[in-house]
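Colleague: Questions regarding the structure given below will be posed in turn.
This is how it looks when you write it as structure tokens:
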């Protein structure tokens, strides 16, 4: 329960900020594409930040934490990327390209985070 509460608290801040920005943009009658993109960016940031509590579960190994985090990102962030219309997605090949980019960015960010936090913790 502690981790769920922590995830909610972490996620609320970016969600409120980005949703408010999207709402203001809608009131200003900006293009729907811009409003949707702002909201989805906020949703993705919210999910990533909230899911970061997984790495605080000391009873799980880093591998298990990473797999759980990846699965959460796969069922939440990947659909956001597809639905966003930031990438073409008319064929299965397009969806595979988005998935490849999703994997590449995830791996790079995981490695950078591992290196940075390894140095900080030591």
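Numbering (my numbering), first residue to last: 13 to 134.
Ideal Cβ positions, reconstructed from N, Cα and C, are used throughout, including at glycine.
1. Would you tell me roughly how many angstroms separate the C-alpha atoms of residue 53 and residue 123, rounded to the nearest one?
2. Okay, do the region 27-40 and the region 74-84 touch, 3+ Cβ pairs below 8 Å being the bar?
3. If you draw a straight line from the C-alpha of residue 119 to the C-alpha of residue 125, how long is it?
4. Excluding the five sequence neighbours on either side, which residues of its own chain have a C-beta within less than 6 Å of the C-beta of residue 99, listed in chain order?
5. Buried or exposed: which applies to residue 30, given that a residue is buried once 16 or more other Cβ atoms fall within 10 Å of its Cβ?
Modeller: Once the coordinates are examined:
1. 22 Å
2. no
3. 10 Å
4. 110
5. A residue is called buried once 16 or more other Cβ atoms fall within 10 Å of its Cβ, and residue 30 is buried on that count.
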